[in-house]
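Throughout, our numbering is defined as the position within the sequence shown, counted from one, plus 8.
Using N, Cα and C, we set each Cβ at its ideal position, and we do this for glycine too.
Since this is a predicted model, take the numbers as computed values, not measurements.
These notes concern the structure reproduced below.
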Amino acid sequence: MYDSMHTKISVVADFPGGGKVEIKHFTWEGKKYEVEKTHLITKAHRGRETVWLFHISTQNAAFKLRLDTDSLIWYLEELTWDKEVDGE
Numbered sequence: 009m010y011d012s013m014h015t016k017i018s019v020v021a022d023f024p025g026g027g028k029v030e031i032k033h034f035t036w037e038g039k040k041y042e043v044e045k046t047h048l049i050t051k052a053h054r055g056r057e058t059v060w061l062f063h064i065s066t067q068n069a070a071f072k073l074r075l076d077t078d079s080l081i082w083y084l085e086e087l088t089w090d091k092e093v094d095g096e
């Protein structure tokens, strides 16, 4: 299953140096999601604004998170999950 959205989320990340960012977990709709793996980090531009896109996965789903560098606000942009996990 796939869903596209643009929802503000809360993110906890480490910045270990060398320009690296490690997302530890994020909270969406009151639920905490532990990040197991970061698959891809890309830089993009929306007009004059720079955004960073993080393709990550948890135990049961894959997500695309966006960090707007001007506002420092995180958004959940995409969610992909197995329908069995969703309980359908």
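(1) For Glu-44, tell me which candidate among Gly-55, Tyr-10, Ala-21 has the shortest Cα-Cα distance.
(2) Taking the alpha-carbon of Glu-85 as reference, which of Phe-62, Ser-79, Lys-51 has the nearest alpha-carbon?
(3) Taking C-beta to C-beta, are Thr-35 and Tyr-83 nearer than 8 Å?
(4) Along the beta strand (DSSP E) that carries Met-13, what are the first and last residues, could you check?
(5) For Ile-81, which residues from the same chain have a beta carbon less than 8 Å from its beta carbon, with the 5 sequence-adjacent residues on both sides left out?
(6) Sorted by chain position, which residues of the same chain lie with C-beta nearer than 8 Å to Thr-66's C-beta, five sequence neighbours on each side aside?
The short version:
(1) Residue numbering aside, residue 44 sits at position 36 when the sequence shown is read from its first letter. It is Ala-21 whose Cα lies nearest to the Cα of Glu-44.
(2) Numbered from 1 along the sequence shown, position 77 holds the residue referred to as residue 85. Per the Cα distances, Phe-62.
(3) Residue 35 sits at position 27 when you count from the first residue of the sequence shown. Residue 83 sits at position 75 when you count from the first residue of the sequence shown. Result no, Cβ atoms of Thr-35 and Tyr-83 do not sit closer than 8 Å.
(4) Counted from its first residue, the sequence shown places residue 13 at position 5. Start and end: 10-25.
(5) Reading the sequence shown from its first residue, position 73 is the one you call residue 81. Same-chain partners within the cutoff: Lys-16, Leu-75.
(6) On the sequence shown, residue 66 is found 58 positions in, with the first residue counted as 1. Tyr-41, Glu-42, Val-43, Glu-44, listed in sequence order.
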